[in-house]
Amino acid sequence: MSRPTDAPPLQLWGGLEATVNRVGDRYFSQMAQSGHDQRISDLDRFAALGISALRYPVLWELVAPDGLDTADWSWPDQRLAALQRLGITPIAGLVHHGSGPRHTSLTDPAFAPQLAAYAGAVARRYPWLDYYTPVNEPCTTARFAALYGLWYPHARSDRAFVRAVLNQCRGVVLAMRAIRAVNPAARLVQTDDLGKTYGTAPLAAKARFYNQRRWLAWDLLCGMVGPGHALWRYLTDSGASPGELDWFRAHPCPPDIIGVNYYITSERWLDHRAAHYPPHEVGAEGFADVVAARALARPRAGIGPLLEEAWHRYGLPLAVTEAHLDARREDQLRWLAEIWHAAGQARQRGVDVRAVTAWSLLGAYDWNCLVTDCRGYYESGAYDLRGPAPRPTALATLMQELASGRPPSSPVLRGPGWWRRPERLLHPPVDLGADPWDAHLPPHGPAQPLLISGASGTLGRAFARVCAARHLPCHVLTRQQMDIADPAAVDAAIRRYQPWAIVNAGGYAPVPAAEHNAERCLRDNAHGPVVLAAACARHAVALLSFSSDRVFDGAKAGPYVESDPVSPQCAYGRNQAEAERRVLAIHPAALMVRTSAFFDPWDGHHFVGRALAALAAGEPFTAADDVIVSPTYLPDLAHACLDLLIDRAAGLWHLTNGSALSWAELARRAATLAGVDSGAVTPTRSATPPRHGALGSERGQLLPALDDALHRYLQEAGARHGVPASQRFLI
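Residue numbers (this note's numbering): 78 to 808.
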């Protein structure tokens, strides 16, 4: 099979995470959590990305929860009309990981005809709609809902799984029949997860079974499941009658486009040596089932070979209908770029790949627990929702470049994603032999580094650690290597290292001493940042610089936000306020971050570390209860700053872990979480006037909550020494 040589260019599609799944009697709606259900302006944002088509929900559970007689079409009426106006082709999804309204379920015989009735109503109301996905991922949804018991109807058997797959696929056939009765040109885009399973020799048969099962929904729709099919015996043993299987052969409904959804979790490794793995990775059958990237010594080739498998199996046009990764920003970019490149390579080998879909444009909620609970865990996409309005991330820029045929411009693309780096391994590595995975990577030259000033300081060392963990090349420079207050030295460093960004992590830190060392503080905290800003503006280099709560007078009753006027009361604060003003005037694209009250897991020379060391030793600890701060976990700060730098965010940002509390309250909270006596914290009055220095944000709360940060601090600080939480600060 070969693809026509005059095929149109690879298209970029978009996708909105629109899952409405049921757990018990609760429905979890991604659109309600993201706010998209109330924000039609998102569609203009999507159009700005350059996408030609959008997978978009017209969901049965939301439009007609109590039947078609009481259906409310107002929401899809407005949204679909807007997509028409914007020139974006909708691919209408009718059920997305759901089980239909409350009166039916995936194992209900009435599911299919009732879905078909709804599909016909959609087609009659929107006869111009040409692309449909009546059921998203029928095989995957059946696994989660009827084999693993995670979603309604919470079954855990092969019989229920098979019944759910058959009902959904029958629903697709009947739905397309009803749709095409109105619009004969309507096309089916049938999605499902396409991965691959590998395993140890004793589990080879199980791996083969899983690799056959992944095709099941598409095979049924294509009329390929007969007595000679690899799963025929399994299906009939699990309650499927030969007659209902033959029905699919008599009523084939092959997809017009096979929609391939591919995630880092799509490729699996099965291992009979359960003792090599933690208990949560071992299932009821006694073997480990883990993400292949976490266990295989050599990275797999990724989606490219899987696209070829699907093409050779069906000979039907393909599209990657979900490409998304919950990761740091550079790896999100690398994931999408790698899939785009693999799709292009597959086209060159004759595979008819029509499009790649950037999924979860607004991000997604709670997929870290497979949407079994509403915990508020958020992963961003092309837009980040953790602010007053959706903020475009670097993914939005990459999408615009891919859609327009421009080469990707982000400097952080020049490196392997975490799934191709040694640190990906969480289990004893297994070598399956050579796999030319690197042939599927986008070509790239040498990576541009970041420059980090302040090599001897806490902040500079933290950024160096985090950059290393994220595979972001950097050079951490001492004052001797780059004096930020010397224009010639800064220009020389930029010419030598050719950085894409500079992180100004240096500066004069002792606040009280600044009153007696005014010249040094002025040079390091005001003049130096201005010199850096001027050089970065001249060389078109991004800049990240830092300020603090000391630019405020501490008299406000609540947390300070970015737009509050500054009123510094000390030399340290006056120098920082001057630096803020002048840096942003000289280099408006610079990122200026105000933060405060650092703690980190790498040394104990900070307030939290000193407090816990004293309390764990049974000693009293004195802390001010009239000074309010916003504690900031340094790893969280560094990660958020790097994401913002990659996004090319600019201007003032307040970044902390979100809580406003006194030093004494912070000591007590840390002690309680560490399991040590917080009663030994002695509150006292500060030597300076009472001060409210908490920082809030009107731009977005990007860092996790303080308790979450303290929990991770206790784990990470203790892990370095291998001691329990209650003892780890005695070291």
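Heads up, the beta-carbon is just placed ideally off N, CA and C, and yes, glycines get one too.
So does the stretch 748-768 actually touch the stretch 660-669, counting three or more Cβ pairs closer than 8 Å?
no
What is the C-beta distance between V608 and I529, in whole angstroms, given that I count them as a contact (C-beta under 8 Å)?
No, V608 and I529 are not in contact; Cβ-Cβ is about 16 Å, not under 8 Å.
Around the Cβ of A84, are there at least 16 other Cβ atoms within 10 angstroms (buried) or fewer (exposed)?
Classification of A84: exposed, given that the 10 Å Cβ count is below 16.
Note down, in chain order, each residue of its chain lying with its Cβ closer than 6 Å to the Cβ of T555, except the 5 sequence neighbours on either side.
A532
Are G92 and E399 closer than 8 Å when you measure CB to CB?
yes
So what does DSSP say about S803, is it helix, strand or coil?
Residue placement at S803 cannot be trusted, given a pLDDT of 48 that sits under 50; what the coordinates show is reported in the next sentence. S803: coil per DSSP, three-state reduction.
When you measure from the CB of A241 to every non-hydrogen atom of the ligand ATP, does any distance come out below 7 Å?
As far as ligands go, the structure on display features none, and thus does not contain the ligand ATP.
Would you please state the rounded distance, in angstroms, between the beta carbons of I335 and R264? I believe it to be under 8 Å.
At roughly 12 Å, the Cβ-Cβ gap does not stay under 8 Å, so I335 and R264 are not in contact.
Measure the Cβ-Cβ separation of L192 and P211 and say whether it is below 8 Å.
yes
Here's a check: name, in chain order, each residue in its chain whose Cβ is nearer than 6 Å to the Cβ of A365, leaving out the five neighbours to either side.
D348, A351, Y354, E358 and V359
Can you pull the DSSP bridge partners for G35?
There is no way to answer for residue 35, as the model of the chain reaches only from 78 to 808.
Measuring straight from C-alpha to C-alpha, what distance separates L780 and W436?
23 Å
Exposed or buried, D54, counting other C-beta atoms within 10 Å across all chains shown (16 or more means buried)?
Outside the displayed range of the chain (78 to 808) lies residue 54, so it cannot be described from this structure.
Looking at the structure shown, is W730 part of a helix, part of a strand, or coil, going by DSSP?
strand
Are the Cβ atoms of E639 and S763 separated by less than 8 Å?
no
Can you grab the Cα-Cα spacing for the pair W137 / M253, in whole Å?
15 Å
Given this structure, state the Cα-to-Cα distance separating T749 from S755, to the nearest angstrom.
When rounded, the distance between both Cα atoms is 6 Å.
Which residue comes first and which comes last in the alpha helix (DSSP H) that contains Y287?
A281 to R290
Spatial neighbours of P331 within its chain, please: CB distance less than 7 Å, with the 5 preceding and 5 following residues excluded, ordered by chain position.
L298, C299 and L393
Please report the Cβ distance between Y460 and L438, rounded to the nearest whole angstrom; I am assuming they are in contact, meaning their Cβ atoms lie under 8 Å.
About 6 Å separates the CB atoms of Y460 and L438; that is less than 8 Å, so the two are in contact.
Would DSSP call M78 helix, strand or coil?
Bear in mind that a pLDDT of 47 at M78, under 50, signals an unreliable position, so the number given afterwards is only what the model happens to contain. In this structure, M78 counts as coil in the three-state DSSP scheme.
List the DSSP bridge partners of Q88.
The partner list for Q88 (beta bridge, DSSP) reads A432.
Please report how far the alpha carbon of C544 lies from the alpha carbon of N338, in whole angstroms.
30 Å
My parser needs the alpha helix (DSSP H) runs of 4 or more residues fully inside the stretch 184-265; what are they?
188-202, 215-219 and 235-259
Quick check on L668: does DSSP put it in helix, strand or coil?
strand
Between D119 and H113, what straight-line distance do the alpha-carbon atoms span, to the nearest angstrom?
7 Å
Could you tell me the distance, in whole angstroms, from the CA atom of R452 to the CA atom of V135?
26 Å
Between P708 and L668, how many whole angstroms is the CB-CB distance? I'm expecting something under 8 Å.
P708 to L668, Cβ: 21 Å. No contact.
Could you check which residue in R538, Q289, D702 and A471 has the C-alpha nearest to that of Q409?
A471
So the candidates are F123, V553, W295 and R375; which of them puts its Cα closest to the Cα of L395?
W295
From this set, P506, L447 and L413, which residue's C-alpha is nearest L475's C-alpha?
Comparing Cα positions, the closest option is L413.
For N244 and T313, which I take to be in contact (beta-carbon distance under 8 Å), what is that distance rounded to the nearest angstrom?
Going by Cβ atoms, the distance from N244 to T313 rounds to 17 Å, so no, they are not a contact pair.
Thinking C-beta only, is A423 closer than 8 Å to L384?
Cβ atoms of L384 and A423: closer than 8 Å.
Please report the distance separating the alpha-carbon of A317 from that of P469.
48 Å
How should S427 be labelled, buried or exposed, when 16 other C-beta atoms within 10 angstroms of its C-beta is the threshold for buried?
In the sequence under discussion, the amino acid at residue 427 is Gly, which differs from the Ser named in the question. By the 10 Å Cβ count, G427 comes out exposed.
Check each candidate in D724, Y574 and N734 and name the one with the smallest Cα separation from H552.
Of the listed residues, the one whose Cα sits closest to H552 is Y574.
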